[in-house]
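First the structure, in the form of C-alpha cells, and then the observations on it.
Protein chains: 2
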Amino acid sequence: MSAPFETINRPSLIRDAARLQEALAELIRVLQFRDRDRACCYDLSVSQCHALETLIQHGPMPVTQLGDHLYLEKSTASRLAKALLEKDLVRKRAPQADGRVVILQVTETGHRLARKILNDLADEYMDLLEEFEPEVRAALPLLLDRLTQTISGRTDPQELTCC
Amino acid sequence: MSAPFETINRPSLIRDAARLQEALAELIRVLQFRDRDRACCYDLSVSQCHALETLIQHGPMPVTQLGDHLYLEKSTASRLAKALLEKDLVRKRAPQADGRVVILQVTETGHRLARKILNDLADEYMDLLEEFEPEVRAALPLLLDRLTQTISGRTDPQELTCC
DNA sequence: GCTATTAGTTGTTAGATGCAACGGTTGTAT
DNA sequence: ATACAACCGTTGCATCTAACAACTAATAGC
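Residue numbers (the numbering used here), protein chains in the order written: chain A, 11 to 173; chain B, 11 to 173.
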C-alpha cells in the first residue's frame, strides 16, 4: 500500500532545493551589496578585506595558498598581496628555506584595521542576532558552516568542472 | 550573587557575531566561486543569470526595478538587459502607458534556459539537502530568508551608508 | 506651454579576475 | 654534476563588472 518512496519524497526535495537556490541567490546579492558598501569605509576592496581576514584567521601563508583559500587564481592572489603590502597591512616574512615562496604575514597595522572592521561588523551582527531565538542564534554559524562545506566539497576543489 | 546580565550575555553574543561573520564570509566566497564556475556553462555571466532568475521569480518589470532587485545602478541594469535582449532571453514588452519605461519579459528561450539551469542546480542541491536532517532541510530556506531580510533591512535600501 | 522629474541609454573610468607567458628556484634523474 | 621538470610568484593582456556623469526622450506639474 505504501506509496513508493520516490513519489513522496522527491517532489518535496525538489521544492526545497528550488527554495534553497532562491534563498542563497538573494543572500549572496545582499551580502555582496553590503560588502561593497562597507569595504570602502576602510579604504579596502572587498577582496582585500577577505584576504586580510583569511591571513588573520589561518596565520601567515604563501601567496598561492591565500589564493586557494579565496578561490582565486594565483595571479589575482599575487595582486591582492601587492595591494596589501603597499598599504602596509601585510609584509613578506624573512626568506624561507624554499627561496620561491613568499610568506605573507599581517602587520600590526593590519591587525589593528582588522580588529576595527570586526568590531564594527560585530556590532551589526549582534543587533541582527538579537532578532533570532537563542537556539537559532547559536546554531546559525554551525549550519552555515555545514552548508559552506557541503557546497565547497561539491564544487571541484581545484579544477573547474565547467563546460 | 547573580552576575550582571551583560557580563554573561554580551560575550557570548560577541562570539556568535564573530562566528557568524566568518561563516558568512566563507559562504559568500564559496558561492561566488561556484557561480563563476557554473554560469559560463550556459554562456551567461553571473549577473545575467541573476537577472534572468529575478525576472522569472518576480515577473516582467522595468529596467530600473530590475536594478533595484539586484542592487545595481540603472546603467548597469540597462546593460544587463541589453545583453539578455541580444541573447533573446528577454524581450521588450509592447509600449506601455508611460512611454519611457521598458518592461522586460522573459522569452520562451529564456524560460527554457532558466529551467535547465534550475534543474542542474536542483540536482546538486538535492544531493546537498539529503545530508541534512529533514527538519533542518525544510527550515534552511526559511532561515536564510530571514537572515537575508534582516541584513537587507539593515543595509540602507537605496542610499549608500558608506564613509 | 515651460520647467522639473523620471526612465533609459551611452561614454568613460576603475577594479576584479583568469589565462598565458616569463623568471627565478628547487628537486630529481641520469 | 648537470640537465630537465616542476613549482612559486609576477606581469601583460583580455574580459567582466559596476559606478558616475552626461545625454535623450517622455511625463508631470504649474
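We put the CB at the ideal spot given by N, CA and C, even for glycine.
Pick from Leu34/A, Val40/A and Ile127/A that is closest to Gly163/B, judged by C-alpha positions: Val40/A
Bounding residues of the beta strand (DSSP E) (the contiguous stretch that carries Leu114/B): Ile113 to Val116
Arg101/B, enclosing beta strand (DSSP E) - first and last residue: Val100 to Lys102
Segment limits, alpha helix (DSSP H) that includes Gly77/B: Val73 to Leu80
CA nearest to the CA of Leu80/B, picked from Leu131/A, Asp108/A, Leu37/A and Ile66/A: Leu37/A
Where the alpha helix (DSSP H) through Ala96/A begins and ends: The amino acid occupying residue 96/A in the given sequence is Glu; Ala does not appear at that position. Note, Glu96/A: alpha helix (DSSP H), Lys84 to Glu96.
Length of the line joining the Cα atoms of Leu76/B and Gln115/B: 11 Å
Any chain B beta carbon closer than 8 Å to His121/A: no
Cβ-based burial, Leu170/B [other Cβ within 10 Å; buried from 16]: Confidence is the limiting factor: at Leu170/B the pLDDT is only 47, short of 50, which leaves the residue's position unreliable and the question unanswerable from this model.
Other residues of its chain near Pro70/A: CB distance less than 7 Å, five sequence neighbours each side excluded: Arg103, Ile113, Leu114 and Gln115
Cutoff 8 Å: Leu154/A Cβ touching any chain B Cβ: yes
Cutoff 8 Å: Asp177/B Cβ touching any chain A Cβ: Outside the shown range of chain B (11 to 173) lies residue 177/B, about which nothing can therefore be said.
Contact set between Ala87/A and chain B, taken where Cβ atoms lie within less than 7 Å: The contacting residues do not exist; Ala87/A stays about 13 Å from chain B at best.
Residue from Ser22/B, Arg44/B and Ala148/B with nearest C-alpha to Ile24/A: Ala148/B
Assumed close pair Glu32/A, Gln67/B - CB separation to whole angstroms, cut-off 8 Å: 7 Å
Coil, strand or helix - Ser55/B by DSSP: coil
Backbone secondary structure at Glu143/A - three-state DSSP: coil
Residue-chain proximity (Pro70/A, chain B), Cβ-Cβ < 8 Å: no
Euclidean distance between Cα positions of Tyr52/B and Thr119/A: 44 Å
Distance, Ile161/B Cα to Leu138/A Cα: 7 Å
Cross-chain neighbours of Val40/A in chain B, by beta carbon under 8 Å: Tyr81, Thr158, Ile161, Ser162 and Thr165
At least three beta-carbon pairs within less than 8 Å, the stretch 85-97 of chain A to the stretch 53-64 of chain B: no
Secondary structure of Pro151/A, DSSP reduced to three states: helix
Residue environment, Leu30/A, which counts as buried when at least 16 other CB atoms sit within 10 Å: buried
Exposure label - Glu63/A; buried when at least 16 CB within 10 Å: buried
Distance between Tyr135/B and Leu94/B (C-alpha atoms, nearest Å): 26 Å
Between the CA atoms of Ala124/B and Lys97/B - distance to the nearest angstrom: 13 Å
Residues of its chain near Thr117/B, where Cβ-Cβ distance is below 8 Å and the 5 sequence neighbours each way are ignored: Asp98, Leu99, Val100 and Arg101
Chain A residues whose Cβ lies nearer than 7 Å to that of Glu63/B: Ala35
Length of the line joining the Cα atoms of Ala91/A and Arg122/A: 18 Å
Coarse secondary structure for Gln106/A, derived from DSSP in three states: coil
Contact set between Pro105/B and chain A, taken where Cβ atoms lie within less than 7 Å: Correct list: empty, because the minimum Cβ distance to chain A is about 30 Å.
Test: Asp26/A CB closer than 8 Å to a CB of chain B: yes
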